[in-house]
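Here the structure is laid out as structure tokens; the discussion comes afterwards.
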Amino acid sequence: MPSQTWVEPVVLEGSRIRLEPLRPDHLADLSLVGFDPALWRWTIMGPQDEAGLRRWVETALANAAAGTERPFATVDRASGRAIGSSRFLSIVPEHRRLEIGWTWVGSAYQRTGANREAKLLQLTHAFETLGANRVEFKAHSRNERSRTALAGIGATFEGVFRNHMIMPDGSIRHSAYFSITSEAWPAVKAALVAGLAPR
Numbered sequence: 001m002p003s004q005t006w007v008e009p010v011v012l013e014g015s016r017i018r019l020e021p022l023r024p025d026h027l028a029d030l031s032l033v034g035f036d037p038a039l040w041r042w043t044i045m046g047p048q049d050e051a052g053l054r055r056w057v058e059t060a061l062a063n064a065a066a067g068t069e070r071p072f073a074t075v076d077r078a079s080g081r082a083i084g085s086s087r088f089l090s091i092v093p094e095h096r097r098l099e100i101g102w103t104w105v106g107s108a109y110q111r112t113g114a115n116r117e118a119k120l121l122q123l124t125h126a127f128e129t130l131g132a133n134r135v136e137f138k139a140h141s142r143n144e145r146s147r148t149a150l151a152g153i154g155a156t157f158e159g160v161f162r163n164h165m166i167m168p169d170g171s172i173r174h175s176a177y178f179s180i181t182s183e184a185w186p187a188v189k190a191a192l193v194a195g196l197a198p199r
């Protein structure tokens with residue numbers, strides 16, 4: 001498959017975090033925050049150890065080199081450290097749609113606005129720079145926390161893909177799909193910005 005050029009590597013700057021293209025040297029920082037089993041419970045990777053996280057980074061970088069995904073390190077601007085990751089994937093230029101996924105931040109940085117700001121940065125880039133028609137998200141159907149968070153940023157629940165994936169323990173995963181469309185984006189953006197405003 002030829003490398004797509006619609007979604008190119010980019011640095012996205014926020015007030016709390018910066019999203020920058022994932023690099024091998026981010027692994028040291030990610031190793032400090034990436035081994036909490038709860039981060040990976042609902043993913044097809046399962047809990048991570050040092051070797052597993054290295055493979056995860058190497059796979060992301062290989063997909064980036066192939067042009068099929070655009071992985072980011074989520075960098076805490078205050079410390080300059082990578083505290084998590086996210087990526088653009090399932091990129092379909094001819095239909096102007098893509099997915100935001102593989103999103104996680106270390107447990108200590110959850111509920112700090114880091115993930116919400118990352119979503120705002122990625123969605124703004126997708127809709128306002130790339131001209132996307134649709135941005136989609138998927139989560140394990142049993143991952144209530146992720147589903148609540150997606151609904152909380154204004155994504156619309158579209159349904160469940162049954163028997164969608166096989167988990168590391170051999171169980172079958174059903175995936176809940178959500179999306180934000182270009183028509184919904186202005187209202188979603190306003191709510192995200194309001195939610196990040198200092199109280």
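Quick note on numbering: the working numbering labels position 53 of the sequence shown as 53, and the sequence is numbered without any gaps. Even glycine gets a Cβ: it sits at the ideal position worked out from N, Cα and C. Values in this document were obtained by computation on a predicted structure and should not be read as measured data.
Asked, Found
"Buried versus exposed call for residue 80 [16 or more other C-beta atoms within 10 Å across all chains shown]", "exposed"
"Nearest-angstrom Cα separation, counted from residue 142 out to residue 21", "30 angstroms"
"Exposure label - residue 84; buried when at least 16 CB within 10 Å", "buried"
"Nearest candidate by alpha-carbon position, reference residue 149, set 104, 23 and 174", "104"
"Close Cβ partners of residue 57 (< 8 angstroms) along its chain, the five nearest in sequence each way excluded", "22, 24, 26, 27 and 30"
"Cβ pair count under 8 angstroms reaching 3, the region 4-23 against the region 116-132", "yes"
"Reduced DSSP secondary structure (H/G/I, E/B, other) of residue 157", "strand"
"Cα-Cα separation, residue 54 to residue 5", "27 angstroms"
"Between the CA atoms of residue 131 and residue 97 - distance to the nearest angstrom", "9 angstroms"
"Length of the line joining the Cα atoms of residue 107 and residue 179", "25 angstroms"
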